[in-house]
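> Before anything else, here's the structure in question.
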Amino acid sequence: MQEKVGIRKLPTGVPGLDEILGGGLPEFSFNIIAGAPGGGKTTLAHQIMFANATPER
Numbered sequence: 040m041q042e043k044v045g046i047r048k049l050p051t052g053v054p055g056l057d058e059i060l061g062g063g064l065p066e067f068s069f070n071i072i073a074g075a076p077g078g079g080k081t082t083l084a085h086q087i088m089f090a091n092a093t094p095e096r
């Protein structure tokens with residue numbers, strides 16, 4: 040029988056988004072942030088980076 044491997048989640052720093060995503064983005068995943076100009080893509084990307092830029096990481 041195969042064992043299930045747990046996939047850690049990385050918090051986005053946005054509580055509501057983390058709740059929708061079940062705790063954050065899957066670690067080591069590739070994610071595309073798409074949207075219209077001025078929609079906040081860069082702001083969201085910066086928020087995710089800042090939320091994960093810790094000494095533990």
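Those letters in the sequence shown? Residues 40 to 96, per my numbering, in order.
Note that CB positions come from ideal geometry on N, CA and C, so glycine has one too.
1) With N91 as the anchor, note down where its alpha helix (DSSP H) starts and where it stops.
2) With a Cβ-Cβ cutoff of 9 Å, do G62 and I87 count as a contact?
3) Determine the direct distance from the alpha carbon of N70 to that of P94, and round the result to whole angstroms.
4) Going by DSSP, what residue range makes up the alpha helix (DSSP H) through G55?
Answer, in terms of the structure:
1) By one-based count along the sequence shown, residue 91 stands at place 52. For N91, the enclosing alpha helix (DSSP H) starts and ends at 80-91.
2) For the purposes of this step, residue 62 is taken as the residue at position 23 of the sequence shown. For the purposes of this step, residue 87 is taken as the residue at position 48 of the sequence shown. The answer is no: Cβ separation not under 9 Å.
3) Within the sequence shown, numbered from 1, the residue matching residue 94 stands at position 55. Within the sequence shown, numbered from 1, the residue matching residue 70 stands at position 31. The straight-line gap from Cα to Cα measures roughly 23 Å.
4) By one-based count along the sequence shown, residue 55 stands at place 16. Where G55 is concerned, the enclosing alpha helix (DSSP H) stretches over 54-59.
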